[in-house]
Structures are given as structure tokens and as C-alpha cells.
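As C-alpha cells, the structure follows; a few thoughts come after it.
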Amino acid sequence: MVTLERLRADHADALLAFERENREYFARTVPDRGDAYFAEFTARLRALLAEQDAGICHSHVVLSGEGRLLGRVNLVDVEDGCAELGYRVGEQAAGKGVATAAVAQVCRLAGTAYGLTSLVAITTLDNLGSRAVLERNGFSVVENITIDGRPGIRYRNKSLS
Numbered sequence: 001m002v003t004l005e006r007l008r009a010d011h012a013d014a015l016l017a018f019e020r021e022n023r024e025y026f027a028r029t030v031p032d033r034g035d036a037y038f039a040e041f042t043a044r045l046r047a048l049l050a051e052q053d054a055g056i057c058h059s060h061v062v063l064s065g066e067g068r069l070l071g072r073v074n075l076v077d078v079e080d081g082c083a084e085l086g087y088r089v090g091e092q093a094a095g096k097g098v099a100t101a102a103v104a105q106v107c108r109l110a111g112t113a114y115g116l117t118s119l120v121a122i123t124t125l126d127n128l129g130s131r132a133v134l135e136r137n138g139f140s141v142v143e144n145i146t147i148d149g150r151p152g153i154r155y156r157n158k159s160l161s
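Residue numbers for the sequence shown follow full-length UniProt numbering, beginning at 1 and rising by one.
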């Protein structure tokens, strides 16, 4: 059982620890955030929370039943009823259905609480886990793309509920 909580300032310490703990793991499949991300974490979090307050994005932490931070799931670039979905689950929770459950929950929120009508998401062609999460949650392939020089796929989900 996982739950989503809307990102708040009091998630800062757990979120930073999660990102540091999983940095090498994430870098295996997505571009590394770089040292500046960690050095400027507090300022970046403040800016993200301000964007969230303005309705530009909806950011969430994914928590275990015991309250441990397992991942993140975000809706960014909210505009005209659409947003881009992004998510990451830590190495210890990978392959256990956490990402699939978290994406399902955020899709429901997108359609109900946030009033969105569609979501887009991108992933690299070789990220089979991410592709499976998207496809299990009703996302369909829209087009092949290039992401940071790597073959990728753009997905869309128009059935939010």
C-alpha cells in the first residue's frame, strides 16, 4: 500500500535524503541532476512550492504504509487541461508495483482534484520498467522521440478518472 501526499516544505529533509540515496540508481536510466541540484536544493524546493501554489505544477511524494518516502510523482507544465507526468521510485521500491500504484493515484487526482483532461509522459526506449508503468496506466504511444541523444517514446493518457 502506497499513498501520495502533496509536496510540502516539511518533506524537505526526507526528499533530499531520498534523492541523495538514489542518485546513482537514477543516473543509470535518466540524466543525473548534477551537483548543483543538491547544493541548491532548499532554493529549488521553495521555487517548486511557489509554482505549485500558482497551479503550474502538482508535486507529490510517494510514501509507504509506514510513512517512508519511496518516490515522487509530479505533474508539470500544467496548461489547457494537460500536464506532463514525471515520476521516480527509489531502488529499494523498484519492481514492486510502487510506481504503477503511484501513477494510478496521480492519474485519478489529475482528472478529479486538478481538472485535467490529459497527461503526457516521455521515457527512453530502453527503460522497460517505466514503459510498463505507463502502459499499465492507460498511456498510449504517441510518437518516437529523442531524449538527450537517446531513443525515446512520448505517451498520452486521455482517460483520467
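All C-beta atoms, glycine included, are put in the ideal place defined by N, C-alpha and C.
* To do: For the beta strand (DSSP E) holding E84, just list the boundary residues, first then last.
  => C82 to V89
* To do: Please state whether DSSP places R136 in a helix, a strand or coil.
  => helix
* What's the gap between the Cα of H60 and the Cα of G81? -> 19 angstroms
* With a Cβ-Cβ cutoff of 8 angstroms, do V103 and S64 count as a contact? -> no
* To do: Report yes if the C-beta distance between V62 and G55 is below 8 angstroms; otherwise report no.
  => no
* To do: Use the C-beta contact count for F139: other C-beta atoms within 10 angstroms, 16 or more gives buried, fewer gives exposed.
  => buried
* Asked: Near Y37, what residues of its chain come up, given a Cβ to Cβ distance below 8 angstroms and the 5 sequence neighbours on each side ignored?
  -> E19 and R44
* Asked: Between N22 and E91, is the Cβ-Cβ spacing less than 8 angstroms?
  -> yes
* To do: Within the same chain, show all residues whose beta-carbon is closer than 7 angstroms to that of L125, passing over the 5 residues directly before and after it, in chain order.
  => P151, G152 and I153
* Any idea if T100 is buried or exposed, counting beta-carbon neighbours within 10 angstroms, 16 or more meaning buried? -> buried
* To do: Tell me A121's beta-bridge partners as DSSP assigns them.
  => Y155
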